[in-house]
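Take numbering that gives the first Met the number 0: the final residue in the sequence shown is number 147, and no numbers are missing along the way.
Glycine included, C-beta positions come from ideal geometry on N, C-alpha and C.
All figures in this text were calculated on a predicted structure; none of them were measured in a lab.
Please read the structure below before turning to the comments.
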Amino acid sequence: MIIESLRSLYNRDLNKLKTEIESYRNESSIWKTDKNIANSAGNLCLHLVGNLNTYFGTELGNTGYIRNRELEFSLKDVPRTELIEKVVATISMIDDVLSRLTPEDLEKEYPLVIFEDKMTTGYFLIHLITHLDYHLGQINYHRRLLDI
């Protein structure tokens, strides 16, 4: 049951990310920063894609994805269509990985120590969706403030 819930939530929230990027009236606004807004929506989108492809794709799905975290925050003016393609590919990858996991896999220790202590895979997958949603909220707020 938890795996199906995770599949549903990741699908829902990554599709919301796609919708947020599509909803910018002015494509250049995706890359704006202002005063205390240090990260653009485009960079947050790249960060989410990189994060999920690393921790789902590389570690659980053996996709071979290699992360360049610095570029997630330094690349600029990536076309909207490319951002959307990356999100759509991430949706597919996560659904594929989750479809192959068992409830027993969720109880296993996650292959990497990310925080100070070891954790189960299930715990970390729940953490990753909260991370996604945190930045999704930032992107929504960014769009409403800076897409003028």
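Return the first residue and the last residue of the alpha helix (DSSP H) that residue i is part of.
i: Y122; result: 120 to 145
i: P102; result: 102 to 106
i: N42; result: 40 to 51
i: T18; result: 1 to 22
i: V77; result: V77 -> no alpha helix (DSSP H), and no H or E assigned at all.
Return the CA-CA distance between residue i and residue j, expressed in angstroms with no decimal places.
i: G56; j: R142; result: 28 Å
i: Y23; j: N14; result: 15 Å
i: E58; j: Y133; result: 22 Å
i: W30; j: R99; result: 36 Å
i: Q137; j: T101; result: 32 Å
i: S7; j: N52; result: 18 Å
i: V112; j: I65; result: 18 Å
Does the Cβ of residue i have 16 or more other Cβ atoms within 10 Å, making it buried, or fewer, making it exposed?
i: G41; result: buried
i: T32; result: exposed
i: G49; result: buried
i: L135; result: buried
i: E19; result: buried
i: Y109; result: buried
i: F123; result: buried
i: L47; result: buried
i: T80; result: exposed
Please report the Cβ distance between residue i and residue j, rounded to the nearest whole angstrom; I am assuming they are in contact, meaning their Cβ atoms lie under 8 Å.
i: E103; j: T119; result: Wrong, their Cβ atoms sit about 11 Å apart, outside the cutoff.
i: V96; j: K17; result: Not quite, the Cβ-Cβ distance comes to about 19 Å (not below 8 Å), so this is no contact.
i: N10; j: D94; result: 7 Å
i: M92; j: G60; result: 6 Å
Contact the stretch 64 to 82 vs the stretch 116 to 133: 3+ CB pairs below 8 Å: Contact fails: fewer than three Cβ-Cβ distances are below 8 Å.
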